[in-house]
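Residue numbers 1 to 302, in UniProt numbering, belong to the letters of the sequence shown in order.
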Amino acid sequence: MHDITSIDAVQKMLDAQGYVCGRPLATVVFLSLKLGRPLFLEGEAGVGKTEIAKALAAGLDRRLIRLQCYEGLDAASAVYEWNFPAQMIAIRSAEAAGAADGPALTTSLFTDDFLIERPLLQALRPDARGAPILLIDELDRTDAPFEAFLLEALSDFQVTIPEMGTITAPEPPIVILTSNRTREVHDALKRRCLYHWVDYPGFDREMEILSARAPEAAEALSREVVAFVQQLRTEDLFKKPGVAETIDWAKCLLALDVLTLSPEVIADTLGAVLKYQDDIAKLQGSEAKRILDQARASLGPA
Ligand SMILES: Nc1ncnc2c1ncn2[C@@H]1O[C@H](COP(=O)(O)OP(=O)(O)O)[C@@H](O)[C@H]1O
Ligand SMILES: [Mg+2]
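See below:
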């Protein structure tokens, strides 16, 4: 078990990992740990969903097992596969040795030696440090059948391998699911979980994140960068910049020894913040200056 007994303790632990966590998020994390319920985090790209699983694993000193979802992900790639080439080689060498006596060979082909464990099976294996963190990342990239399969898997935390038997976790993993909400994830799966919408941080929190992740950036530049990005998020863009972009941009500006933003600097470095040509095109001409002026106005007198 872990020694997290309060919401404050969650915040402190994540803080020690450089993860800035507001009270509402810390609360669902605490409840998820306490009640042993999977945590479903939804939000735009780059708001810190994946990162919280990493911070939690580091903070609790648990193994992090990540199942990265993608279109066409199936049970075999998520749970286990038999190492077919290795089995073939075993058969061939048994034949070559003249020892291909059917039954003996069959049993020895379905052992741990030939089993390729994928994330969901790995997460059931005992670990000296305690139950691992199972991160099921970007669930919205898979399809409905895989979700249904996952619902099963998350309800009993056991896997049956016909040739070997049933494997049950001694202690269920701590499960975090994320979605960038490119589509809605089915209700049934959400109902199993505690849910939290991870929003873009406000100005103060984003400043805290930036000082945790890019401590070498000067306060004055950081304030301009954060104010500009905050302002940018209110614009009509195809893809709004996430926190990751704020951090990247600040690091780029640092590398260029920039001390203060200007429309020219913004034009030269915009690729760190916006990743779609249409969005970048929108900031040409006087637009960057207008947004910069608004950002400066929001900061008040220096
Ligand atoms: N609350 C936070 N505290 C510290 N760093 C953060 C926070 N939110 C985002 N980040 C930074 O932003 C980056 C992108 O976050 P990530 O978790 O990959 O986004 P998501 O999974 O939501 O798309 C992280 O690598 C981290 O550096
Ligand atoms: Mg992510």
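No residue lacks a Cβ here, since even glycine has one placed at the ideal position from N, Cα and C.
(request) Give the range of the alpha helix (DSSP H) segment to which Leu-211 is assigned. (result) Counting from 1 along the sequence shown, the entry for residue 211 is found at position 211. It should be pointed out that residue 211 corresponds to Ser in this sequence rather than to Leu. Ser-211 -> alpha helix (DSSP H) spans 203-213.
(request) Within its chain, find whatever has a CB closer than 6 Å to the CB of Pro-103; leave out the 5 residues flanking it on each side and keep chain order. (result) Within the sequence shown, residue 103 is the residue found at index 103, counting from 1. Unreliable positioning characterises Pro-103 in this predicted model, as indicated by a pLDDT of 48, which lies under 50. The coordinate reading is nonetheless provided below. Hits under 6 Å: none found.
(request) Return yes when the C-beta of Leu-59 is under 8 Å from any heavy atom of ligand 1, and no when it is not. (result) For the purposes of this step, residue 59 is taken as the residue at position 59 of the sequence shown. The question names Leu, yet the displayed sequence has Gly at residue 59. Because no heavy atom of ligand 1 lies under 8 Å away, the Cβ of Gly-59 does not count as near it: no.
(message) Using the three-state DSSP reduction, which class does Ile-116 fall into: helix, strand or coil?
(response) Numbered from 1 along the sequence shown, position 116 holds the residue referred to as residue 116. Reduced to three states, the DSSP call for Ile-116 is strand.
(request) Write down every uninterrupted run of the beta strand (DSSP E) in the stretch 117-159 whose length is 3 residues or greater and which is fully enclosed by it, in chain order. (result) Annotation: the stretch 117-159 contains the following complete segments of the beta strand (DSSP E) (minimum length 3 residues), in chain order: 133-137.
(request) Taking 9 Å as the cut-off, decide whether the C-beta atoms of Asp-127 and Arg-63 are in contact. (result) Indexing the sequence shown from 1 puts residue 127 at position 127. Indexing the sequence shown from 1 puts residue 63 at position 63. Their beta carbons are under 9 Å apart, which means Asp-127 touches Arg-63 by this criterion.
(message) Tell me the rounded alpha-carbon separation between Asp-257 and Lys-251.
(response) Numbered from 1 along the sequence shown, position 257 holds the residue referred to as residue 257. Numbered from 1 along the sequence shown, position 251 holds the residue referred to as residue 251. Rounded to whole angstroms, the gap between the alpha carbons of Asp-257 and Lys-251 is 10 Å.
(request) On the DSSP bridge assignment, give the partners of Gln-68 in chain order. (result) Position 68 of the sequence shown, counted from the first residue, corresponds to residue 68. According to DSSP, which records beta bridges pairwise, Gln-68 is partnered with Asp-137.
(message) Residues in the same chain with beta-carbon distance under 6 Å from Pro-132, minus the five sequence neighbours each way, listed in chain order, please.
(response) Along the sequence shown, one-based indexing puts residue 132 at 132. The residues are Arg-62, Arg-63, Ile-65, Ala-123, Pro-173.
(message) Just to confirm before moving on: does the CB-CB distance between Leu-121 and Tyr-80 stay below 9 Å?
(response) What you label residue 121 is simply residue 121 of the sequence shown in a count that begins at 1. What you label residue 80 is simply residue 80 of the sequence shown in a count that begins at 1. By the CB criterion at 9 Å, Leu-121 and Tyr-80 fall inside the cutoff.
(request) Identify every run of the alpha helix (DSSP H) within the stretch 228-285, keeping only runs that are complete inside it and at least 4 residues long; order them along the chain. (result) Taken in chain order, the complete alpha helix (DSSP H) segments of 4 or more residues contained in the stretch 228-285 are 243-255, 263-269, 277-282.
(request) Tell me, to the nearest whole angstrom, how far the beta carbon of Glu-224 is from that of Leu-261; I am working on the premise that it is less than 8 Å. (result) Translated into the one-based positions of the sequence shown, residue 224 becomes position 224. Translated into the one-based positions of the sequence shown, residue 261 becomes position 261. By a beta-carbon distance limit of 8 Å, Glu-224 contacts Leu-261. Their separation comes to about 5 Å.
(message) Using a 10 Å radius around the Cβ and a threshold of 16 neighbouring Cβ atoms, would you call Met-207 buried or exposed?
(response) Locating residue 207 in the sequence shown gives position 207, counting from the first residue. Its Cβ being crowded by 16 or more others within 10 Å, Met-207 is buried.
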